[in-house]
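Remarks on the structure that follows.
Number of protein chains: 2
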Amino acid sequence: MTDDLILHEYSQSGNCYKIRLTAALLGAPLERREYDITKGETRTPQFLATVNPNGRIPVLQIGDRFIPESNAACFYLADGSGLVPHDRFDRADMLRWMFFEQYNHEPNVATLRFWLAFLGEERLDEMQRALMPAKRAAGEAALQLMDEHLAGRSHLVGNRLSLADVALYAYTHVAEEGGFELSRYPAVGRWLELVAGQPGYLPMSA
Amino acid sequence: MTDDLILHEYSQSGNCYKIRLTAALLGAPLERREYDITKGETRTPQFLATVNPNGRIPVLQIGDRFIPESNAACFYLADGSGLVPHDRFDRADMLRWMFFEQYNHEPNVATLRFWLAFLGEERLDEMQRALMPAKRAAGEAALQLMDEHLAGRSHLVGNRLSLADVALYAYTHVAEEGGFELSRYPAVGRWLELVAGQPGYLPMSA
Chain A
2 MTDDLILHEY SQSGNCYKIR LTAALLGAPL ERREYDITKG ETRTPQFLAT
52 VNPNGRIPVL QIGDRFIPES NAACFYLADG SGLVPHDRFD RADMLRWMFF
102 EQYNHEPNVA TLRFWLAFLG EERLDEMQRA LMPAKRAAGE AALQLMDEHL
152 AGRSHLVGNR LSLADVALYA YTHVAEEGGF ELSRYPAVGR WLELVAGQPG
202 YLPMSA
Chain B
2 MTDDLILHEY SQSGNCYKIR LTAALLGAPL ERREYDITKG ETRTPQFLAT
52 VNPNGRIPVL QIGDRFIPES NAACFYLADG SGLVPHDRFD RADMLRWMFF
102 EQYNHEPNVA TLRFWLAFLG EERLDEMQRA LMPAKRAAGE AALQLMDEHL
152 AGRSHLVGNR LSLADVALYA YTHVAEEGGF ELSRYPAVGR WLELVAGQPG
202 YLPMSA
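Just so you know, the protein sequences line up as chains A and B, in that order.
Heads up, the first sequence is in my numbering, so the first residue is 2 and it goes up one at a time.
Heads up, the second sequence is in my numbering, so the first residue is 2 and it goes up one at a time.
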């Protein structure tokens, strides 16, 4: 018997989409519960007490237990499947790209998308405006590093799809909403098409 | 036959210490190569071309292959050992704390330590000074979240030591160098003593 899976999410978040895409690629059914992060719905006393004390989405609920952190939730879903490499080095290398995603990519590529496409530049405070150039440069560096790695390679790790591809696809494929020019990263562009062509692929808007 | 393990590191970095501590707890021998990050030694063309195109330490070298990202390197070392839980939920929950460490804890707790204890407050630029209050608040929130989780629990995941404990121990146990008051987090204090009492424990200065 399998526990029911519930995704607590804000559907436009790439971090939430990662989990939906992982579940879709695996054919795992997922119930969805939507929270509006722009209205503080993940900071209510009830959410903090029952879903995630860190006040963030996504959270994957498995029966009556909860896994916060998008990449940990993807790992739970894919553990034992072909999306997690069987080879020990490749498995660690997959995690290397997933930690890179949360440390070097998401805080820059996703944050600029949220600021520019969701909050709106005119509503940013002084600190956010001051941070924009550094986030732009760091986001471009992350995309450039991916592009150099993917030149001559089909996938981020080994020669088949893994959670590294899923995790980095989520915010990369909508990076233009944050003002990044994907045409500057041709190997990334080819890789985005490859991920989008996978059997079971689910678009972000689905 | 096992490949030789070489840690490319800056020994005062908690991210590098995590890997040394993991290896020590497992009894795995590790050769060490030191780079001075304050002198740009991880941004040289040779380092970028051979060790890590991201220009960062730590990097774990396994034979002639490289794993950047501290928590991925710890996972490589501990994969298949008791430091990675056998239970599927607990394994994902361990990764949850390791992603929390890199997203919510390290950019605040470790960055303030680096700025205050290594660079020196008088050498910070205007942007760094402006960011200090937000990093202070976010670092305190991360420590508070750990403290509430550890109240009544011995370890972060399940009831035995895992990489979640190792990863979060590294910068938490030196958080006072970044101006955090650990006496405000009594459950964290008990947990730090428990980690330091493990067989095979290695101090940061070793």
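Using N, Cα and C, we set each Cβ at its ideal position, and we do this for glycine too.
Computed from a predicted structure; not experimentally measured.
- prompt: With distances taken from CA atoms, which of A:LEU132, A:LEU164, A:ALA176 and A:ARG130 is nearest VAL196 (chain A)?
  reply: When each option's Cα is compared against that of VAL196 (chain A), the closest is A:LEU164.
query: How would you list, in chain order, the residues of chain A whose beta-carbon sits under 8 Å from the beta-carbon of GLN103 (chain B)?
result: Correct list: PHE100, GLN103 and TYR104.
message: Using 8 Å as the threshold, is the C-beta distance between ALA93 (chain B) and ALA73 (chain A) below it?
response: Annotated as proximal: ALA93 (chain B) and ALA73 (chain A), with beta-carbon spacing under 8 Å.
task: Take every Cβ of the region 52 to 70 of chain B, pair it with every Cβ of the region 2 to 11 of chain B, and state whether three or more of those distances are shorter than 8 Å.
output: Under the 8 Å Cβ criterion, the region 52 to 70 of chain B counts as touching the region 2 to 11 of chain B, having at least three qualifying pairs.
- prompt: Which partner residues does ILE63 (chain B) have in the DSSP bridge list?
  reply: According to the DSSP secondary-structure assignment, ILE63 (chain B) is paired through a beta bridge with B:LEU6 and B:ARG66.
query: Does the count of Cβ pairs from the region 108 to 124 of chain A and the region 168 to 176 of chain A closer than 8 Å reach three?
result: The region 108 to 124 of chain A, when compared against the region 168 to 176 of chain A, does touch it at the 8 Å Cβ threshold.
- request: Please name the residue, chosen from B:PRO134, B:ARG89 and B:MET128, that lies closest to ASN109 (chain B) on a Cα-to-Cα basis.
  value: With distances taken between Cα atoms, ASN109 (chain B) lies closest to B:PRO134.
- prompt: Which bits of chain B does GLU149 (chain A) rub up against, with CB to CB less than 7 Å?
  reply: Result: PRO54.
- prompt: Of all the CB atoms in chain A, is at least one closer than 8 Å to the CB of ASN109 (chain B)?
  reply: By this cut-off, ASN109 (chain B) is not an interface position.
- request: Mind checking which residues open and close the beta strand (DSSP E) that includes GLU35 (chain A)?
  value: Segment 32 to 35, the beta strand (DSSP E) holding GLU35 (chain A).
- prompt: So, is GLY28 (chain B) buried or exposed, given that buried needs 16 or more other C-beta atoms within 10 angstroms?
  reply: By the 10 Å Cβ count, GLY28 (chain B) comes out exposed.
task: Would you identify the three-state DSSP class for ILE58 (chain A), choosing helix, strand or coil?
output: Looking at ILE58 (chain A) - three-state DSSP - the assignment turns out to be coil, as it is neither helix nor strand.
- request: Express the C-alpha separation of GLY159 (chain A) and PRO200 (chain A) in angstroms, rounding to a whole number.
  value: Those two C-alpha atoms are separated by around 19 Å.
field: Top-ranked residue by Cα proximity to PHE90 (chain A), from B:CYS75, B:ASP91, B:ASN55 and B:HIS106
entry: The shortest C-alpha separation from PHE90 (chain A) is found at B:CYS75.
field: In chain order, each alpha helix (DSSP H) run of at least 4 residues that lies wholly inside the region 116 to 143 of chain A
entry: If we require 4 residues or more, the region 116 to 143 of chain A turns out to have no alpha helix (DSSP H) run fully inside it.
query: Does the beta carbon of GLU141 (chain B) come closer than 8 Å to any beta carbon on chain A?
result: Closer than 8 Å: no.
message: Just to make sure I have the definition right: I need the residues of chain A whose C-beta is within less than 7 Å of the C-beta of ARG92 (chain B). Which are they?
response: Within 7 Å Cβ-Cβ: ASP80.
field: Environment of HIS87 (chain B) [buried if 16+ CB atoms lie within 10 Å]
entry: Under this definition HIS87 (chain B) is an exposed residue.
task: For GLU194 (chain A), collect the residues of the same chain with a Cβ closer than 6 Å to its Cβ; drop the 5 residues on either side in sequence, then sort them by chain order.
output: Answer for GLU194 (chain A): no residue qualifies.
field: Nearest to HIS106 (chain A) (by Cα), restricted to the options A:LEU183, A:ALA188, A:LEU78 and A:ALA143
entry: Considering only alpha carbons, the answer is A:ALA143.
task: Could you tell me which chain A residues have their CB closer than 7 Å to the CB of ARG97 (chain B), listed as they occur along the chain?
output: Ordered by position in chain A, the residues that pass the 7 Å Cβ test against ARG97 (chain B) are ILE68, PRO69, GLU70 and ALA73.
task: Indicate the three-state DSSP secondary structure (helix, strand or coil) for MET147 (chain B) in the structure shown.
output: Helix, per DSSP.
- prompt: Does the Cβ of LYS40 (chain B) have 16 or more other Cβ atoms within 10 Å, making it buried, or fewer, making it exposed?
  reply: That one is exposed.
query: Between which two residues does the alpha helix (DSSP H) containing GLU91 (chain B) stretch?
result: First, the residue type needs correcting, since residue 91 (chain B) is Asp and not Glu in the sequence shown. From DSSP, the alpha helix (DSSP H) with ASP91 (chain B) extends over 89 to 101.
task: Could you name the residues of chain B that PHE76 (chain A) contacts, counting a contact when the two beta carbons are closer than 8 Å?
output: Within chain B, ARG92, ALA93 and LEU96 have C-beta atoms less than 8 Å from the C-beta of PHE76 (chain A), given in sequence order.
Contact set for GLU35 (chain B): own chain, Cβ-Cβ below 8 Å, skip 5 residues either direction: Within the same chain, GLU35 (chain B) has close Cβ partners GLU10, TYR11 and SER12.
task: Compare the Cα-Cα distances from GLY1 (chain A) to each of A:ARG161, A:ALA207, A:ASP148 and A:GLY180 and report the closest residue.
output: Residue 1 (chain A) cannot be examined here, being either before or after the span of chain A that is shown, 2 to 207.
- prompt: On the premise that VAL85 (chain A) lies in contact with MET95 (chain A), defined as a C-beta separation below 8 Å, what is that separation, rounded to the nearest angstrom?
  reply: The pair is a contact, with the Cβ atoms about 7 Å apart (cut-off 8 Å).
- request: State buried or exposed for GLU127 (chain B), treating a residue as buried only when at least 16 other CB atoms are found within 10 Å of its CB.
  value: When all chains shown are included, GLU127 (chain B) counts as exposed.
task: Please report how far the alpha carbon of LEU113 (chain B) lies from the alpha carbon of PRO187 (chain A), in whole angstroms.
output: Whole-angstrom Cα-Cα distance: 37 Å.
field: Sequence-distant residues of the same chain with beta carbon closer than 8 Å to LEU151 (chain B), five excluded per side
entry: Within the same chain, LEU157, ALA188, VAL189, ARG191 and TRP192 come within 8 Å of LEU151 (chain B) by CB-CB distance, once the 5 residues on both sides are set aside.
task: Quick one: list the residues of chain B neighbouring MET205 (chain A), beta-carbon separation under 8 Å, in chain order.
output: Under the 8 Å cutoff, chain B gives no residues; its nearest Cβ is about 21 Å from MET205 (chain A).
message: Is there a Cβ of chain B sitting closer than 8 Å to that of MET133 (chain A), yes or no?
response: Under the Cβ criterion of 8 Å, MET133 (chain A) is not counted among the residues facing chain B.
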